[in-house]
Amino acid sequence: MKKLSLLFLISLICGTSFASAPDTIKRAGYTLIISGNDEHFDKAITDKLISTFFTVYPKIVNEYNKKSLKTVNFFIDTAYHGVAATDNGRVVFSPAYMTTHPDDIDVVTHEVMHIAQDYGDFDGPGWLTEGIADYVRNEHGVANAAAKWNLPDFKPTQNYNNAYRVTARFLVWVEKKVKKGTVKKLDSQMRGRTYTAASWNKLTGKSVDDLWREYAANPAL
3 MKKLSLLFLI
13 SLICGTSFAS
23 APDTIKRAGY
33 TLIISGNDEH
43 FDKAITDKLI
53 STFFTVYPKI
63 VNEYNKKSLK
73 TVNFFIDTAY
83 HGVAATDNGR
93 VVFSPAYMTT
103 HPDDIDVVTH
113 EVMHIAQDYG
123 DFDGPGWLTE
133 GIADYVRNEH
143 GVANAAAKWN
153 LPDFKPTQNY
163 NNAYRVTARF
173 LVWVEKKVKK
183 GTVKKLDSQM
193 RGRTYTAASW
203 NKLTGKSVDD
213 LWREYAANPA
223 L
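Adding 2 to a residue's 1-based position in the sequence shown gives its number in this note's numbering.
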């Protein structure tokens, strides 16, 4: 009886601490190390995570930060209950979310942009960080339509600091209607820890508040 109990305890511990052996994939100078602790996670989704990484990350690095990491870690974590999160070159994905949203594969695009952003502990505005990441997802996403992901139409209740897709659409407008190249320069300043509220004036000739008022008056892209 004691032996059975001990065996049961060992199997329980092993089951809860299960982690797949890391799979290391190298392509064209980039390395992705992917692992996780969900033994039932769909391999088809894993394959899409891998494919999306190697499709979008080299483009993002080339366009935004050529010094960005060349080795990235993906971890499928049953203990994580958000969507995905990135820190220090490691992206954690929620298997529950990815299983129920298998087409939302451009979560990868958003998260690996955070790796390229590499703003570290710079106390820049979070709304701009997330807005730039969604701007890049809009530009480089491989399956946004399949995921029914798009930039929202303008609403009077919005503001530029709403972050994510709202800010991303505003950034698209700035690029198209005001000054091309602004987003890359803002990103560079955030990474170089030189961004201030005055950056908008220096780059576009107008404050972000003035730009938003113009956008609100005519938000067509």
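We put the beta carbon where it would ideally sit given N, CA and C, even for glycine.
C-alpha distance - residue i paired with residue j, whole-angstrom precision
{"i": "A149", "j": "I107", "result": "8 Å"}
{"i": "D125", "j": "I134", "result": "16 Å"}
{"i": "M3", "j": "A98", "result": "Bear in mind that a pLDDT of 38 at M3, under 50, signals an unreliable position, so the number given afterwards is only what the model happens to contain. Rounded to the nearest angstrom, the two C-alpha atoms are 37 Å apart."}
{"i": "L153", "j": "D136", "result": "9 Å"}
{"i": "I230", "j": "Y59", "result": "The question about residue 230 has no answer, for the chain in this structure spans 3 to 223."}
{"i": "D212", "j": "E65", "result": "28 Å"}
{"i": "W129", "j": "A170", "result": "10 Å"}
{"i": "E113", "j": "W175", "result": "23 Å"}
{"i": "A118", "j": "K50", "result": "20 Å"}
{"i": "L188", "j": "I78", "result": "32 Å"}
{"i": "T48", "j": "G122", "result": "28 Å"}
{"i": "K178", "j": "A23", "result": "46 Å"}
{"i": "Y166", "j": "E132", "result": "5 Å"}
{"i": "D44", "j": "L71", "result": "27 Å"}
{"i": "E216", "j": "N146", "result": "28 Å"}
{"i": "W141", "j": "K182", "result": "According to the sequence displayed, residue 141 carries Glu and not Trp. The straight-line gap from Cα to Cα measures roughly 14 Å."}
{"i": "F76", "j": "D25", "result": "10 Å"}
{"i": "R139", "j": "A200", "result": "26 Å"}
{"i": "Q191", "j": "A219", "result": "28 Å"}
{"i": "I36", "j": "M115", "result": "17 Å"}
{"i": "K204", "j": "A46", "result": "47 Å"}
{"i": "L173", "j": "L223", "result": "10 Å"}
{"i": "V168", "j": "H42", "result": "35 Å"}
{"i": "N61", "j": "V210", "result": "According to the sequence displayed, residue 61 carries Lys and not Asn. If I take the Cα positions, the gap works out to 28 Å."}
{"i": "L34", "j": "K68", "result": "17 Å"}
{"i": "S53", "j": "K186", "result": "25 Å"}
{"i": "N164", "j": "P158", "result": "12 Å"}
{"i": "M100", "j": "T184", "result": "33 Å"}
Run of the beta strand (DSSP E) containing residue i, from where it starts to where it stops
{"i": "F76", "result": "73 to 78"}
{"i": "F95", "result": "92 to 95"}
{"i": "D136", "result": "Unbroken run through D136 is the alpha helix (DSSP H), 128 to 142; no beta strand (DSSP E)."}
{"i": "D49", "result": "Looking at the DSSP string, D49 is not in any beta strand (DSSP E); the run it does join, the alpha helix (DSSP H), is 45 to 66."}
Pair within 7 Å by beta-carbon distance, residue i and residue j
{"i": "F56", "j": "R29", "result": "yes"}
{"i": "V74", "j": "G91", "result": "yes"}
{"i": "W202", "j": "Y162", "result": "no"}
{"i": "G143", "j": "T102", "result": "no"}
{"i": "Y82", "j": "V93", "result": "no"}
{"i": "T206", "j": "V180", "result": "yes"}
{"i": "T80", "j": "N39", "result": "yes"}
{"i": "R195", "j": "D120", "result": "no"}
{"i": "V85", "j": "S96", "result": "yes"}
{"i": "P104", "j": "F156", "result": "no"}
Range of the contiguous alpha helix (DSSP H) that encloses residue i
{"i": "K187", "result": "184 to 193"}
{"i": "T169", "result": "166 to 175"}
{"i": "L213", "result": "210 to 219"}
{"i": "T196", "result": "T196 -> no alpha helix (DSSP H), and no H or E assigned at all."}
{"i": "T111", "result": "109 to 119"}
Residue(s) in a DSSP beta bridge with residue i
{"i": "L34", "result": "I27, V74"}
{"i": "A87", "result": "V94"}
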